[in-house]
Amino acid sequence: MTSPVFDFIIIGGGPTGSSAATYLRWKGYSVLVLEKEKFPRQHVGESLLPFCYPLFKELGVLDEMKRRFVRKPGARFSSHDGKQSSTWCFRNIIHDESYLSFHVVRADFDKMLLDNAAKHGAEVKEQTKVERVELDLPNDHVRVHTTGADGLAQEYEGRFLIDASGQDTFLARRTGDKHAYKELDRIAFLTHWKGAKYTQGIDVGLLQIVYLESHKSGWFGIQPVGKDRLSVGLVINRKYLKEQKAKLTAAGHEEWQKAFYLQEIRECALTRDILSDAEIAQPLIAVSDFSYYAEKTFGHNFAMLGDAGRFLDPIFASGVYLGMNSSRMFAEALDVLMKQGREEGLKAMEEKKKYIDGAYSLVEKFINIFYDPDSFNLAKLSSTSESNYEGYQTAFSLVHYLLAGDFFNNYEKYGDFLDMLKNPKQFARWRNLVVSRPNVHEKTCGTTYEAIFGDIEDEYVRTTSINGIMA
Ligand SMILES: Cc1cc2nc3c(=O)[nH]c(=O)nc-3n(C[C@H](O)[C@H](O)[C@H](O)COP(=O)(O)OP(=O)(O)OC[C@H]3O[C@@H](n4cnc5c(N)ncnc54)[C@H](O)[C@@H]3O)c2cc1C
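In structure tokens form, the structure reads like this:
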């Protein structure tokens with residue numbers, strides 16, 4: 264039996280692919296999602312930005328999120344020795360309930376979004392790996408060749424292909440259009456811990472970013488994803504990692520990656536303290552493929568969305584929002600394409616792409632500032648919620664808005680602001696406005712343990728089956 268021609272075929276059922284599927288279904292299109300894994304499968308990317316909140320509401324998953332996931336009121340940046348820190352609370356700029364964002368177990372979060380796409384009528388085929396695509400059919404359609412769990416080959420035809428294959432970068436790899444951001448050449452390791460001490464703001468849901476010593480040019484990202492499940496990720500520059508790998512393998516460590524991860528945990532006062540009595544609860548995940556971009560992210564019958572087209576260092580926890588909101592925006596352009604033809608569709612995609620590129624470029628600028636040893640160090644700034652100083656509110660708010668995810672609509676304004684901070688005089692002025700005021704050091708962002716963890720069905724979260732990316 265021949266399969267029907269789908270309006271859209273999507274490679275990948277992560278947050279980008281499943282959101283695109285739901286938005287396109289709502290516009291009345293037939294959608295096929297092809298996902299190579301069986302969900303739930305584990306994934307990195309667990310701390311979500313408040314700007315995702317309206318999307319969760321719109322997609323109809325907000326209530327489920329509130330039941331299942333830990334809440335996140337802000338972020339704390341700490342120095343390596345733990346002596347200095349600054350806390351940025353989203354309630355300082357967001358005055359509705361969306362100031363309380365989420366930390367999620369991605370296995371559960373991604374499954375929830377994929378099930379939601381199926382609930383809204385997308386045809387979802389898991390354990391179906393896309394092997395090859397044809398984009399040059401005479402009728403402008405695409406043909407997708409897959410292998411299923413049974414090992415059998417299958418092919419599908421669609422009017423348009425969305426590549427949401429994440430770091431697999433299905434299309435960019437095949438067209439040779441994947442380029443590295445050389446200055447952001449880093450590697451990440453991440454796992455979950457049981458029995459960690461919930462102190463230092465973890466007890467009130469803060470995302471903790473801990474700067475490492477400058478020669479490591481990296482950081483720890485620490486987020487509670489359950490009542491007794493702490494996610495601890497390490498991002499580190501490749502040069503330092505290579506040196507350490509040589510030392511650890513010479514010393515006879517067979518599992519040198521795990522030995523390295525544990526070594527760095529021991530060398531950092533904060534992680535050493537909170538993990539002193541804890542044990543690792545799942546296989547270590549290693550992610551070595553970042554950061555990168557593709558030049559040509561869309562054409563008359565294809566688009567790359569989310570990590571499939573571009574990936575930036577995760578220091579500002581931006582990836583899920585960038586991917587999901589790009590899907591939402593592109594769905595509008597794809598609606599134009601289906602209704603008014605490919606030429607009009609290309610123009611509409613170009614228009615959306617301007618904002619998507621603007622958002623990514625803004626985040627890239629912010630990341631470069633983070634890693635620039637001559638630029639400001641967020642751990643050494645402190646936020647305060649009280650000041651009468653003229654101009655304070657604007658200066659104070661800008662960093663909060665960036666940390667909350669205001670990337671798409673105001674990217675030019677924030678880009679100018681970040682450029683301005685590169686000027687030492689302007690930076691000194693900003694620092695004076697924001698930092699050198701009598702500090703009220705935020706400890707809790709106005710939340711309690713109950714508000715953050717109270718209602719989550721922890722057992723559900725803990726019993727997730729994990730297909731570790733890399734043991
Ligand atoms: C260490 C680290 C920490 C991070 N932390 C954060 C964070 O705190 N917050 C945040 O927002 N982001 C974070 N990110 C980024 C975030 O993980 C990604 O941006 C996000 O997962 C992108 O979603 P996606 O749907 O585009 O891709 P993915 O979530 O990777 O989904 C892609 C899907 O495509 C499937 N697929 C791939 N190839 C094929 C194929 N050939 N056939 C069929 N299916 C295929 C895969 O199985 C996968 O399920 C982090 C990233 C790293 C590396």
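Each residue of the sequence shown is one higher than the one before, starting from 264 at the first, in our numbering. We put the CB at the ideal spot given by N, CA and C, even for glycine.
Using DSSP with H/G/I as helix, E/B as strand and the rest coil, what is Gln347?
-> Along the sequence shown, read from residue 1 onward, the residue named residue 347 stands at position 84. If DSSP states are grouped into helix, strand and coil, Gln347 belongs with coil.
Might you give, ordered along the chain, the residues of its own chain that have their beta carbon closer than 7 Å to the beta carbon of Gly411, omitting 5 neighbours on each side?
-> One-based indexing of the sequence shown puts residue 411 at position 148. If we look at Gly411 and ignore the five residues flanking it on each side, its Cβ neighbours are Gln390, Thr391, Gln417.
Do three or more CB pairs link the segment 559-569 to the segment 424-432 at distances below 8 Å?
-> yes
Alpha carbon of Arg449 to alpha carbon of Pro267, nearest angstrom = Within the sequence shown, numbered from 1, the residue matching residue 449 stands at position 186. Within the sequence shown, numbered from 1, the residue matching residue 267 stands at position 4. Near 43 Å, if we compare the C-alpha coordinates of Pro267 and Arg449.
Taking only the alpha-carbon atoms, compute the straight-line gap between Ala566 and Thr462 and give it to the nearest angstrom.
-> For the purposes of this step, residue 566 is taken as residue 303 along the sequence shown, with counting starting at 1. For the purposes of this step, residue 462 is taken as residue 199 along the sequence shown, with counting starting at 1. One C-alpha to the other measures close to 44 Å.
At least 3 beta-carbon pairs within less than 8 Å: the segment 305-325 vs the segment 568-587 | yes
Comparing the CB of Val393 with every heavy atom of ligand 1, is any distance shorter than 7 Å?
-> The sequence position of residue 393 within the sequence shown is 130, counting from 1. Val393 Cβ: within cutoff of ligand 1.
Quick one: what does DSSP say Arg406 is sitting in, helix, strand or coil?
-> Counting from one through the sequence shown, the residue named residue 406 turns up at place 143. If DSSP states are grouped into helix, strand and coil, Arg406 belongs with the strands.
Using DSSP with H/G/I as helix, E/B as strand and the rest coil, what is Ala412?
-> Working through the sequence shown from its first residue, we reach residue 412 at position 149. DSSP places Ala412 in coil when its eight states are reduced to three.
Per DSSP, Met375 is paired with what?
-> In the sequence shown, the residue the question calls residue 375 occupies position 112. Answer is none; Met375 lacks a bridge partner.
In terms of alpha-carbon separation, which member of Tyr419, Ala594, Phe302, Gly337 lies closest to Ile357?
-> Position 94 of the sequence shown holds residue 357. Per the Cα distances, Gly337.
DSSP three-state assignment for Tyr419, whether helix, strand or coil | The sequence position of residue 419 within the sequence shown is 156, counting from 1. The answer is strand: DSSP assigns Tyr419 an E or B state.
Roughly how many angstroms separate the alpha carbons of Lys329 and Leu312, rounded to a whole number?
-> In the sequence shown, counting from the first residue as 1, residue 329 sits at position 66. In the sequence shown, counting from the first residue as 1, residue 312 sits at position 49. For Lys329 and Leu312, the distance between alpha carbons rounds to 15 Å.
Between Ala594 and Leu600, what straight-line distance do the alpha-carbon atoms span, to the nearest angstrom?
-> The residue you call residue 594 lines up with position 331 of the sequence shown. The residue you call residue 600 lines up with position 337 of the sequence shown. Answer to the nearest angstrom: the Cα atoms are 10 Å apart.
Any non-hydrogen atom of ligand 1 closer than 7 Å to Leu297 Cβ = Working through the sequence shown from its first residue, we reach residue 297 at position 34. Result yes, Cβ under 7 Å from ligand 1.
Does the segment 268-286 come within contact of the segment 360-367, defined as at least 3 CB pairs closer than 8 Å?
-> no
Considering only residues of the same chain and omitting the five flanking positions on each side of Ala443, which have a CB-CB separation below 6 Å?
-> Translated into positions along the sequence shown, residue 443 becomes position 180. Excluding sequence neighbours, Ala443 sits near Tyr555.
Report the three-state DSSP secondary structure of Arg395 (helix, strand or coil).
-> Translated into the one-based positions of the sequence shown, residue 395 becomes position 132. In this structure, Arg395 counts as strand in the three-state DSSP scheme.
Contacts around Tyr316, its chain only, beta-carbon distance under 7 Å, and the 5 residues preceding and following it disregarded | Working through the sequence shown from its first residue, we reach residue 316 at position 53. Only Ser361, Ser364 meet the Cβ criterion.
Buried or exposed: Lys505, going by 16 or more other Cβ atoms within 10 Å of its Cβ?
-> As a first step, residue 505 is located in the sequence shown; it is residue number 242 there, counting from the start. By the neighbour-count rule (16 or more Cβ atoms within 10 Å), Lys505 is not buried but exposed.
Return the Cβ separation of Leu661 and Lys628 in integer angstroms, given the expectation that the two are a contact with Cβ distance under 8 Å.
-> Taking the first residue of the sequence shown as 1, we reach residue 661 at position 398. Taking the first residue of the sequence shown as 1, we reach residue 628 at position 365. A Cβ-Cβ separation of about 13 Å leaves Leu661 out of contact with Lys628 under the 8 Å criterion.
Per DSSP, cross-strand counterpart(s) of Gly496 = Within the sequence shown, the letter at position 233 stands for residue 496. Leu453, Gly484, per the DSSP bridge assignment.
When the Cβ atoms of the segment 432-447 are set against those of the segment 487-499, are three or more pairs found closer than 8 Å?
-> Because the criterion of three Cβ pairs below 8 Å is not met, the segment 432-447 and the segment 487-499 do not touch.
Check whether the segment 278-293 touches the segment 368-387, counting contact only when three or more Cβ pairs, one atom from each stretch, lie closer than 8 Å.
-> yes
By Cβ distance below 6 Å, which residues in the same chain neighbour Asn651 in space, the five residues on each side in sequence not counted?
-> As a working mapping, residue 651 is identified with position 388 in the sequence shown. Bear in mind that a pLDDT of 36 at Asn651, under 50, signals an unreliable position, so the number given afterwards is only what the model happens to contain. Nothing listed; no residue qualifies.
Extent of the continuous alpha helix (DSSP H) to which Phe715 belongs = As a position in the sequence shown, residue 715 is number 452, starting the count at 1. For the record, residue 715 in the displayed sequence is Ile; it is not Phe. That run of the alpha helix (DSSP H) goes 712-716.
Residues in its own chain within less than 7 Å of Arg501 by CB, not counting five upstream and five downstream?
-> As a first step, residue 501 is located in the sequence shown; it is residue number 238 there, counting from the start. Here the set comprises Asp448, Arg449, Ile450.
Round the Cβ separation of Leu318 and Lys388 to the nearest angstrom and send it over; I've been treating them as touching at under 8 Å.
-> In the sequence shown, residue 318 corresponds to position 55, counting from 1. In the sequence shown, residue 388 corresponds to position 125, counting from 1. With 8 Å as the limit, Leu318 and Lys388 do not qualify as a contact, their Cβ atoms being about 24 Å apart.
Evaluate contact between the segment 711-720 and the segment 467-485, counting only Cβ atoms and requiring at least three cross-stretch pairs below 8 Å.
-> yes
How should Gly496 be labelled, buried or exposed, when 16 other C-beta atoms within 10 angstroms of its C-beta is the threshold for buried?
-> As a position in the sequence shown, residue 496 is number 233, starting the count at 1. With 16 or more neighbouring CB atoms inside 10 Å of its own CB, Gly496 falls in the buried class.
Report yes if the CB atom of Leu575 is closer than 8 Å to the CB atom of Tyr503, and no otherwise.
-> Here residue 575 corresponds to residue number 312 of the sequence shown, with the count starting at 1. Here residue 503 corresponds to residue number 240 of the sequence shown, with the count starting at 1. No, the pair does not count as a contact, with Cβ atoms beyond the cut-off.
Between the segment 452-459 and the segment 531-550, are three or more C-beta pairs nearer than 8 Å?
-> yes
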